[in-house]
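What follows is a single structure, written as C-alpha cells, with notes after it.
In C-alpha cells, the structure reads:
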C-alpha cells in the first residue's frame with residue numbers, strides 16, 4: 009500500500025511541477041501530489057478498485073493536507089494583519105482532522121458541518137483581517153517579501 013502511495017505521490021508531484029513550469033501555475037507540486045494521491049485512493053477505495061484497509065494511509069495523507077492548508081490560509085491572513093497567533097492553528101487543525109476523518113468514514117453530515125465550520129472560521133479570521141487591512145496595513149517591503157516567498161514555495 010505505502011509503495012503504491014509513494015509512487016502515486018511522485019507521479020502527481022512530477023506532473024504538477026512540470027505543469028507549473030509550462031503554464032506558470034502557482035501550485036505547490038508536493039501539495040498537489042499528496043492531495044491528488046488521497047483523492048485517488050479515496051475514489052479507488054469507494055469504487056471497489058482498491059481492496060484492503062486504506063484508512064490509515066488516507067488518514068496520514070489527509071492529516072498532512074490539513075496542516076498544509078492551515079499553513080497556506082494563515083499566509084493569506086498574515087498578509088492582511090499581523091499573525092493570528094496560535095489560535096488559528098489551534099482551532100483549524102483539530103476541526104480539519106475531524107473533517108478529514110468524517111470524509112474517510114463517509115459521515116457526510118459531519119463532513120459537511122465541519123467543512124462549513126472551517127469555511128466560517130477562515131471567513132471570521134479574514135473578515136477581522138480585512139477590516140484592519142485598509143487602514144493599518146500598507147503595501148510595503150515586508151508584504152512584497154512575503155509574496156516572493158510564497159511564489160518560491162516548493
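Residue numbers (the working numbering): 9 to 162. For glycine and all other residues, C-beta sits at the position ideal for the given N, C-alpha and C. No experiment lies behind these values; they were computed from the predicted model shown.
Q: Compute the distance between the beta-carbons of residue 40 and residue 20, then report whether it is under 7 angstroms.
A: Yes, the Cβ-Cβ distance between residue 40 and residue 20 is below 7 angstroms.
**Q.** Check whether residue 111 and residue 105 have beta carbons under 7 angstroms apart
**A.** Between residue 111 and residue 105, the C-beta gap is not smaller than 7 angstroms, which leaves the two residues out of contact.
(Q) Using 7 angstroms as the threshold, is the C-beta distance between residue 42 and residue 17 below it? (A) In contact: residue 42 and residue 17 (Cβ atoms closer than 7 angstroms).
Q) Looking at C-beta atoms only, is the number of pairs between the region 91-102 and the region 44-58 that lie closer than 8 angstroms three or more? A) Taking a cut-off of 8 angstroms for Cβ pairs, the region 91-102 and the region 44-58 do not touch, as fewer than three such pairs fall below it.
Q. Nearest-angstrom Cα distance between residue 53 and residue 150?
A. Linking residue 53 to residue 150 through their CA atoms gives a straight-line distance of about 45 angstroms.
Q. Is it buried or exposed for residue 133, if we count other Cβ within 10 angstroms and need 16 for buried?
A. That one is buried.
Q) With 16 as the cutoff for other CB atoms within 10 Å, does residue 107 come out buried or exposed? A) Its Cβ being crowded by 16 or more others within 10 Å, residue 107 is buried.
Q | Reference residue 152, options 115, 83, 135 and 109, closest by Cα | A | The candidate whose alpha carbon is nearest that of residue 152 is 83.
Q) Cα separation between residue 141 and residue 62? A) At residue 141, the pLDDT of 46 sits below 50, so the modelled position is not reliable and the matter cannot be decided from this model.
**Q.** residue 113: first and last residue of the uninterrupted alpha helix (DSSP H) it sits in
**A.** Start and end: 94-113.
Q. What's the gap between the Cα of residue 27 and the Cα of residue 36?
A. Cα to Cα, residue 27 sits roughly 11 angstroms from residue 36.
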